[in-house]
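Notes for the one structure printed next.
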Amino acid sequence: LSASDMRQYEYMNHVKTFVTNWYAFDESSYEKNISLALNLIGNKGKEMLNEYNDVNMLNSLIQKNIRYGVRIKDIEINTHTIPVSGKITFTQTGYRARGSISREIEAEFTIYDMLSRSEENAHGAKIEDWIVHYSAPIEDNQEEYNNTQPEKSDEHEN
Numbered sequence: 108l109s110a111s112d113m114r115q116y117e118y119m120n121h122v123k124t125f126v127t128n129w130y131a132f133d134e135s136s137y138e139k140n141i142s143l144a145l146n147l148i149g150n151k152g153k154e155m156l157n158e159y160n161d162v163n164m165l166n167s168l169i170q171k172n173i174r175y176g177v178r179i180k181d182i183e184i185n186t187h188t189i190p191v192s193g194k195i196t197f198t199q200t201g202y203r204a205r206g207s208i209s210r211e212i213e214a215e216f217t218i219y220d221m222l223s224r225s226e227e228n229a230h231g232a233k234i235e236d237w238i239v240h241y242s243a244p245i246e247d248n249q250e251e252y253n254n255t256q257p258e259k260s261d262e263h264e265n
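In the working numbering, the protein residues as written are 108 to 265.
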C-alpha cells in the first residue's frame, strides 16, 4: 500500500471515531465521548457543542433515560481534493424504555493534517467543515430487545 492509501484509511478511522463518539452515548459516557470527539474536529466542534448545550443534552439523557447508538453505513474519502474531503452516512438511534427513534444522517466534511500527533489525536488530523443532512425521524414503539444494560421498569411513567 502506498502512503496515501494508508493515510486514506487513517482518515476513515478518524471520521468514524468522531461519529461514534459525537452521536452515540448515554448519561454515563456523554462527557467522555464528547471530549474525545472534540480532539478530532476543529472550530466547528465548538459550534456543535453549543448546540448540544443549548438543548441541555446531558440533562435530557438523565431525565428521559435515553441512550443513543450509531451504525455507520458508508464512508468515502477523496484525497484528490485540497483539503481532503469526504462523506459519511450513518443511522443514529435513540433508545428509551418504550421503543426507539432513528434518523439517517449524512455528513460532508473536509479534513486536514496537523503538524503533530498525540494520544488524543493519533492520526494527526482535524475535521474542519461538517455539513449535516438529517432524514425525518422514524419511530419504533416496540419494547427494546437489544438493550445491554438492565433498565429500571417504571409502569407509572407519564
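Ideal Cβ placement from N, Cα and C applies to all residues, glycine included.
Cβ shell of residue i (< 6 Å), same chain only, five flanking positions each side left out
i             : result
valine 191    : Ile218
glutamine 115 : Ile184 and Thr186
Given residue i as reference, the closest of the options once Cα atoms are compared
i           : options                           : result
alanine 214 : Tyr202, Phe125 and Asn140         : Phe125
leucine 145 : Thr200, Ile173, Thr127 and Ala204 : Thr127
glycine 149 : Leu108, Gly231, Gln170 and Glu138 : Gly231
Extent of the continuous alpha helix (DSSP H) to which residue i belongs
i              : result
glycine 152    : 151-161
glutamate 227  : Here glutamate 227 belongs to no alpha helix (DSSP H), and DSSP marks it neither H nor E.
leucine 143    : 137-145
glutamate 276  : Since the displayed the chain opens at 108 and closes at 265, residue 276 lies outside it and no answer follows.
isoleucine 169 : 164-171
Opposing strand residues paired with residue i [DSSP bridges]
i                 : result
phenylalanine 197 : Ile179 and Ile212
threonine 217     : Ser192
Assumed close pair residue i, residue j - CB separation to whole angstroms, cut-off 8 Å
i             : j           : result
histidine 121 : leucine 143 : Not confirmed; about 12 Å, so no contact.
Opening and closing residue of the beta strand (DSSP E) in which residue i lies
i              : result
isoleucine 245 : 245-247
Residues of its chain near residue i, where Cβ-Cβ distance is below 7 Å and the 5 sequence neighbours each way are ignored
i              : result
serine 260     : Low per-residue confidence applies at serine 260: pLDDT is 38, beneath 50, and the placement is therefore not dependable enough to give any value.
methionine 119 : Ile182 and Ile184
Neighbourhood of residue i by C-beta distance below 8 Å, restricted to the same chain and skipping five residues each side
i          : result
serine 242 : Arg210, Glu211 and Ile212
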